[in-house]
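Colleague: In this note's numbering, the protein residues as written are 1262 to 1630.
Note that the Cβ used here is the ideal one computed from N, Cα and C, for glycine as well.
If you're wondering where the values come from, they're calculated on a predicted model, not measured in any experiment.
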Ligand SMILES: Cc1cc2nc3c(=O)[nH]c(=O)nc-3n(C[C@H](O)[C@H](O)[C@H](O)COP(=O)(O)O)c2cc1C
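This is how it looks when you write it as structure tokens:
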């Protein structure tokens, strides 16, 4: 019997050759938001890995939306021109379809890159003023400026402009980053949003900004191309955002034309109590899929082919995303295909490494269109 992992999945007009997604992973290597040769090698290689979808890292919609000085961006013509040849390379030589994650770091912004400890960069040392839903700082970070109504309107337009740029350079899918304690999640969580206006208060008020961002992107992005949203299904903290909130949020997103939800978790407060283990966020993907009736992407310590197959075949999710597992073993989809008796994309230059070719029987592996 053929596996679900290697069966196609359709999102609007986009057909993924299989259900393996490379999770967005920030590389902190851009210069003023512009991709550099690192991105060409990193993304170019991953696009040839046999995964169905490669989602480009969290990409800032404004310069001051960055988490670190090395964040990728899509706010300027220069950013667009730097990313275009990389997307073109992936389209010409890779088998994966290409998504991009649109991001604003919110109250966590203006820090050093990950391997330098994500320490606050003060404004007099090259940092920038940061923004949040409210004047509630993340520990050891500067005080965020609460977005006023004018800034909210401008920012919604910035998200839409970034989506138009993504379309122009041939990107197939947008994922909106509304997780991990960044700006959109700042609005959703009662732990970071105590606003008294229409963008705070009850769940409806706290969801308002994110839903408005979603609508603006949906209007700016062609109707045949899909949009997903990554959310933190729970804050893992008392008084925070919950899985029940996420289900209602996913239902609302679905009515606006959202094509899938990625169930991640956490990031709002450092005192979160996360139980980490294999597939630890899969139950969130399962509940959202069943209770909001929307396709879900599971992510978080999915490392084995049989595990990925079970998540799909038992109806817990429609897609599985791998992050660290793909960095550790960038040909994970090839090995998963071999284990499950399936075929996936190999670039012709590498075909002779396919197990059937190594046995010397010269069978040509199936290649994706
Ligand atoms: C190097 C690195 C960078 C990451 N950057 C992002 C990012 O840009 N956007 C995001 O939503 N998650 C990011 N994540 C989280 C991953 O996408 C993924 O959700 C997480 O690592 C759990 O999946 P895994 O256990 O397969 O790694 C990053 C993770 C790593 C390891």
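Is residue 1330 near ligand 1, going by C-beta to nearest heavy atom under 7 Å?
Modeller: Not under cutoff, so the answer is no.
Colleague: Where do the N-terminal and C-terminal ends of the beta strand (DSSP E) with residue 1436 fall, by residue?
Modeller: Looking at the DSSP string, the run of the beta strand (DSSP E) that includes residue 1436 is 1434-1439.
Colleague: What are the partner residues of residue 1292, as DSSP defines its beta bridges?
Modeller: DSSP, once it has assigned bridges, lists 1295 as partnering residue 1292.
Colleague: Assess, as a yes-or-no matter, whether the stretch 1381-1398 is touched by the stretch 1332-1349 under the definition of 3 or more beta carbon pairs within less than 8 Å.
Modeller: The stretch 1332-1349 vs the stretch 1381-1398: no contact.
Colleague: So, using beta-carbon positions, are residue 1391 and residue 1460 closer together than 8 Å?
Modeller: Going by C-beta atoms, residue 1391 is not nearer than 8 Å to residue 1460.
Colleague: Leaving aside the five residues before and after residue 1297 along the sequence, list all residues of the same chain whose C-beta is less than 7 Å from its C-beta, in chain order.
Modeller: Taken in chain order, the residues that qualify are 1290, 1291.
Colleague: When we look at the beta-carbon of residue 1394 and count the other beta-carbons within 10 Å, is it buried (16 or more) or exposed?
Modeller: Result: buried.
Colleague: If you run the structure through DSSP and keep just helix, strand and coil, what is residue 1399?
Modeller: Coil at residue 1399, not helix or strand.
Colleague: Counting only the same chain and skipping the five closest in sequence on each side, list residues whose C-beta sits under 6 Å from that of residue 1566.
Modeller: These residues qualify, in order along the chain: 1597, 1600, 1601.
Colleague: Whole angstroms are fine: how far does the CA of residue 1285 sit from the CA of residue 1320?
Modeller: Rounded to whole angstroms, residue 1320 to residue 1285 spans 10 Å at the Cα level.
Colleague: Does the Cβ of residue 1509 lie closer than 7 Å to at least one heavy atom of ligand 1?
Modeller: False, no ligand heavy atom lies under 7 Å from that Cβ.
Colleague: For residue 1364, which of helix, strand or coil comes out of DSSP?
Modeller: Note: residue 1364 maps to strand in three-state DSSP.
Colleague: With DSSP as the reference, label residue 1412 as helix, strand or coil.
Modeller: Helix.
Colleague: Can you tell which of 1404, 1361, 1429, 1604 has its C-alpha closest to the C-alpha of residue 1342?
Modeller: Measuring from the Cα of residue 1342, the nearest candidate turns out to be 1429.
Colleague: Less than 8 Å between the CB atoms is what I'm expecting for residue 1444 and residue 1365, so what's the real figure, rounded?
Modeller: Right, the Cβ-Cβ distance comes to about 4 Å (below 8 Å), so this counts as a contact.
Colleague: Short check: CB of residue 1417 to CB of residue 1490, under 8 Å?
Modeller: Cβ atoms of residue 1417 and residue 1490: not closer than 8 Å.
Colleague: Grab the span of the beta strand (DSSP E) containing residue 1271 for me, first residue to last.
Modeller: 1270-1272 is the extent of the beta strand (DSSP E) around residue 1271.
Colleague: Compare the C-alpha of residue 1526 against each of 1509, 1513, 1498, 1518 and name the closest.
Modeller: The residue with the shortest Cα to Cα distance from residue 1526 is 1498.
Colleague: Touching or not, the stretch 1519-1538 and the stretch 1461-1474, by the rule of three or more beta carbon pairs under 8 Å?
Modeller: Contact fails: fewer than three Cβ-Cβ distances are below 8 Å.
Colleague: Hey, residue 1533 and residue 1561: beta-carbon distance below 8 Å or not?
Modeller: Contact: no.
Colleague: Determine contact between the stretch 1271-1285 and the stretch 1473-1489, defined as no fewer than three beta-carbon pairs at a distance below 8 Å.
Modeller: The stretch 1271-1285 is in contact with the stretch 1473-1489.
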